[in-house]
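The listed protein sequences correspond, in order, to chains A and B.
Counting in the numbering used here, the first sequence runs from 1 upward without gaps.
Counting in the numbering used here, the second sequence runs from 1 upward without gaps.
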Amino acid sequence: MTFFGLVIRNLWSKKARSIGLAFAVAIAVMTVVTLDVTSSGLEQSAAAIISVGKADFTVAQKGTSDILSSTIDQQELNKIRVTPGVATAIGVLVETEHLSADDPVFIEIGINPGDLRAFGVNIVKGQPYSATGTHQVMVGWRAAANLGLTVGDTFRANGTTNTVVGIYSTGNSFGDSGAMFPLPAIQGYNRVPGIVTLAFVKVTPGSSKSSVANRVEYDQPELTTIRTASQFGRADRSLVYLQAAVNGSTVLAILIGAVIVGNTILLSLFERTREFGLLRAIGWTRTRTASLLLGECLLLAVLGGAIGVALSFGVVAALSQLPQLKGVLHPNFTAGAFWRALFTALVMTLIGALYPTIRAALLSPLKALSYE
Amino acid sequence: MSEAPAENHAVEVRGVTRIYPGHVHALGGVDLTVDYGETLAITGPSGCGKSTLLHLMAAIDSPTSGSVKMAGHELAALDDPGSFRRSVVGLVFQFHNLLPQLTALANVELPMFGTHVSRRQRMERARELLGEVDLHGREDRLPTELSGGERQRVAIARALANHPEVLLADEPTGSLDTASTERFLDLLRRLGDGGMTIVMVTHDVEVASRAHRIVEMRDGSIVHNDAEGSLAMPDAGTG
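Structure representation (structure tokens):
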């Protein structure tokens, strides 16, 4: 028999206790992974907007609660355009509309037709709308497929009936799941003339993206630049708050889990006092005795972590079907989420097992053998 | 078995006292020696201190004063009592204390963990020992699948796993029936014949009479220390 075999045998001999402990770990891990994957999915969904325009960086209003609340006026947009190193700055208005229960957050993008090519829009069917066209719309190919639309159909949005003049592709699922309107039209529908939500900037060849971005921020401190999803929080504070809530919940889950795990292991230690006393009496060192208990706990932590991850798949799938999150939450099971699960399981178990393990190591063989 | 160190005695107990909290005097100045290869029985009524004395020899308890030397090892000077218990003495308890979740073979392997003995060697040694205690073919049985006598023989095999120099047995036949006791004593005799030093604590006069020497204790002191057959013990084991 190997030491590992002994660990397995001990766990197997008390199946109910082992399963209970593994599930305590699993619930905590499931909570942490679900929160992590959900927040990460929401962040990715929100941040997807900045990658639609294939820009070197995106400019938004600094510190808004939601990036769609960002407002950049025409003067600010013009100032961006004349910043040294800026090749193009495309102003885009982004709005959302509740179309139906299946499309609770439909994306509508207002952009001038002259900027479509630079924005990375390819017309796959029909033609672009005209700059002054009224009640004209282009629909992303994913949205067209979902809504059953084709060129010539009518599409009701913003309280108006619009004719679908073209189907487009941006190569970005976020952009392809929405619709595009002439900028003045959507500004009019939403009563924000001259306002755009974001400016998509491309720098001149040879210019440093970070230098140009820093220059824009320096010239207009009320604006911020975003180059990566991780920088998204500069413009969208809600994601920062969400991440803070996730971190807080993780710590809380670890602590609660550690208390449950610690309590269970301690009770188990009381039951097995004579067993540990015997091991000490026949010559097991304190380290080896502690290793046995710790080994059992860590194996259960890994098992519980795996169960927790499996459970989180189900929970996240169920959450993504909630009306409030449908179409918005795209679960994002990254390697980081799995590492976080393993970290949570191990840290929680180590904290919980610390006192029982020390107690097991310090057991007096004589007292333990006479323990009833 | 390891070669005995060049001391005269396998066990040397000098002026040992053991006072537990609450001024309970378990031992009051005990002197005792046991020669290599000798089988010693310690008898006496319950509470006389015989098990306490055995625990001190096993280094699972410490004397309040005095010294205990086992196979040349001064126990008060031990850096690692665990290592001493693992390699110098073998312990047998009244209630076998086998781990119920482990097979007989695995129970015998337990003391060999952490001794740089390979897994294969551990298993071979455990099988060999179970064969020596007449449990060949019972290696994969759980303790619950063995009789009381068989369990106690597994406990002896476990105690012998690391080739101890002294076998310490605390009421080893206390939970056995007559037939199992007889078989157990026969096993002890074989070990004694093989040169093993054995110290056993027992209430049982018949068991004690199989030893080379019998020591009787009362109230924490040795009151008789005689060779086999010379000790009259009409009330031994009744207290």
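Ideal Cβ positions, reconstructed from N, Cα and C, are used throughout, including at glycine.
Chain-ordered chain B contacts of residue i [CB-CB under 8 Å]
| i | result |
| --- | --- |
| E275 (chain A) | L99 |
| P331 (chain A) | Under the 8 Å cutoff, chain B gives no residues; its nearest Cβ is about 41 Å from P331 (chain A). |
| T285 (chain A) | D80, G82, S83, G114 |
Limits of the unbroken beta strand (DSSP E) element including residue i
| i | result |
| --- | --- |
| S65 (chain B) | 65–70 |
| A77 (chain B) | It is not in any beta strand (DSSP E) - A77 (chain B) carries neither H nor E in the DSSP assignment. |
| I19 (chain B) | 9–20 |
| H25 (chain B) | 24–35 |
| V166 (chain B) | 166–170 |
| L223 (chain A) | 223–226 |
| K79 (chain A) | Looking at the DSSP string, K79 (chain A) is not in any beta strand (DSSP E); the run it does join, the alpha helix (DSSP H), is 74–81. |
| T88 (chain A) | 86–97 |
| R218 (chain B) | 213–218 |
| Q231 (chain A) | Per DSSP, Q231 (chain A) belongs to no beta strand (DSSP E) and is neither H nor E. |
Interface flag, residue i vs chain B, CB-CB below 7 Å
| i | result |
| --- | --- |
| I282 (chain A) | yes |
| P104 (chain A) | no |
| M348 (chain A) | no |
| T357 (chain A) | no |
| S291 (chain A) | no |
| S13 (chain A) | yes |
| L294 (chain A) | no |
| S370 (chain A) | no |
| L278 (chain A) | yes |
| L366 (chain A) | yes |
7 Å Cβ cutoff, residue i in contact with chain A
| i | result |
| --- | --- |
| E109 (chain B) | yes |
| A250 (chain B) | In the structure displayed, chain B extends from 1 to 239; residue 250 (chain B) sits before or after that span and is not available. |
| L91 (chain B) | yes |
| I222 (chain B) | no |
| R18 (chain B) | no |
| D226 (chain B) | no |
| R141 (chain B) | no |
| H163 (chain B) | no |
| R86 (chain B) | yes |
| S2 (chain B) | For S2 (chain B), the predicted structure reports a pLDDT of 43, less than 50, and the residue's modelled location is therefore unreliable. A value from the coordinates is still provided. Output row for S2 (chain B): interface = no. |
Residues near residue i in its chain [Cβ-Cβ closer than 6 Å; skip 5 each side]
| i | result |
| --- | --- |
| I351 (chain A) | A258 |
| S207 (chain A) | G85 |
| T238 (chain B) | Any answer about T238 (chain B) is weak, because its pLDDT of 34 lies below 50 and its placement is not dependable; what the coordinates show is given next. There are no such residues. |
| P143 (chain B) | L98, P100, R151 |
| S147 (chain B) | none |
| E95 (chain A) | E108, N190 |
Proximal residues of chain A, C-beta to C-beta of residue i below 8 Å
| i | result |
| --- | --- |
| L102 (chain B) | M1, L6, R9 |
| R119 (chain B) | M1, T2 |
| R158 (chain B) | I282 |
Contact list for residue i against chain A, beta-carbon separation under 9 Å
| i | result |
| --- | --- |
| A106 (chain B) | M1, G5, L6, R9 |
Neighbour list for residue i in chain B, Cβ cutoff strictly below 7 Å
| i | result |
| --- | --- |
| K288 (chain A) | Checking the sequence, you will find Arg at residue 288 (chain A) rather than Lys. Under the 7 Å cutoff, chain B gives F113, G114. |
Range covered by the alpha helix (DSSP H) that runs through residue i
| i | result |
| --- | --- |
| V164 (chain A) | Counting along the chain, V164 (chain A) falls outside any alpha helix (DSSP H), though it belongs to the beta strand (DSSP E) covering 160–169. |
| N122 (chain A) | No alpha helix (DSSP H) contains N122 (chain A), which is instead part of the beta strand (DSSP E) from 122–126. |
| G277 (chain A) | 273–281 |
| R120 (chain B) | 119–132 |
| Q152 (chain B) | 148–159 |
| F343 (chain A) | 335–361 |
| G314 (chain A) | 286–319 |
| I198 (chain B) | Here I198 (chain B) belongs to no alpha helix (DSSP H); instead the beta strand (DSSP E) covers 197–201. |
Same chain only: Cβ atoms within 7 Å of residue i, ignoring 5 sequence neighbours per side
| i | result |
| --- | --- |
| N246 (chain A) | Note on residue identity: the sequence assigns Val, not Asn, to residue 246 (chain A). The residues are L35, D36, S39. |
| T83 (chain A) | V212, R215, V216, D219 |
Cutoff 8 Å; reference residue i; Cβ partners in own chain excluding five residues on either side
| i | result |
| --- | --- |
| I222 (chain B) | V30, D31, L32, V215, E216 |
| T173 (chain B) | Q152, S180, T181, F184, L185, T202, D204, V207 |
| R340 (chain A) | V32, V33, D36, T250 |
| L11 (chain A) | S18, E296, L299, L300 |
Residue i beta carbon near the ligand HEM (any heavy atom closer than 6 Å)
| i | result |
| --- | --- |
| R274 (chain A) | Here there are no bound small molecules, and the ligand HEM is not part of this structure. |
Where residue i meets chain A, residues with beta-carbon distance less than 7 Å
| i | result |
| --- | --- |
| I60 (chain B) | A281, P365, L366 |
| H55 (chain B) | L366 |
Cβ of residue i within 7 Å of any chain E Cβ
| i | result |
| --- | --- |
| L21 (chain A) | Absent from the structure is chain E; the protein chains it does hold are A and B. |
*Determine, using beta-carbon pairs with one atom in the stretch 106–120 of chain A and one in the stretch 171–186 of chain A, whether at least three such pairs fall under 8 Å.*
yes
_Inter-stretch contact at 8 Å, needing at least 3 Cβ pairs: the stretch 283–302 of chain A / the stretch 12–28 of chain B_ = no
*Pair every Cβ in the stretch 266–275 of chain A with every Cβ in the stretch 27–34 of chain A, then say whether three or more of these pairs are closer than 8 Å.*
no
*Segment contact flag, the stretch 108–117 of chain B with the stretch 50–61 of chain B, C-beta cutoff 8 Å, min 3 pairs*: no
*Is it a yes or a no for the stretch 88–103 of chain B touching the stretch 159–177 of chain B, going by three-plus beta-carbon pairs under 8 Å?*
A contact exists between the stretch 88–103 of chain B and the stretch 159–177 of chain B.
*Touch test, the stretch 290–297 of chain A against the stretch 357–372 of chain A, Cβ-Cβ under 8 Å, three pairs minimum*: The stretch 290–297 of chain A, when compared against the stretch 357–372 of chain A, does touch it at the 8 Å Cβ threshold.
_Stretch pair the stretch 182–192 of chain B + the stretch 68–84 of chain B: three plus CB contacts closer than 8 Å_ = no
*Is the stretch 10–21 of chain A close to the stretch 150–170 of chain A, with three or more CB pairs under 8 Å?*
no
_Quick check: the stretch 121–139 of chain A against the stretch 152–160 of chain A, are at least 3 beta-carbon pairs closer than 8 Å?_
yes
*Is it a yes or a no for the stretch 205–225 of chain A touching the stretch 113–128 of chain A, going by three-plus beta-carbon pairs under 8 Å?*
No, because fewer than three Cβ pairs between the stretch 205–225 of chain A and the stretch 113–128 of chain A fall closer than 8 Å, the two stretches do not touch.
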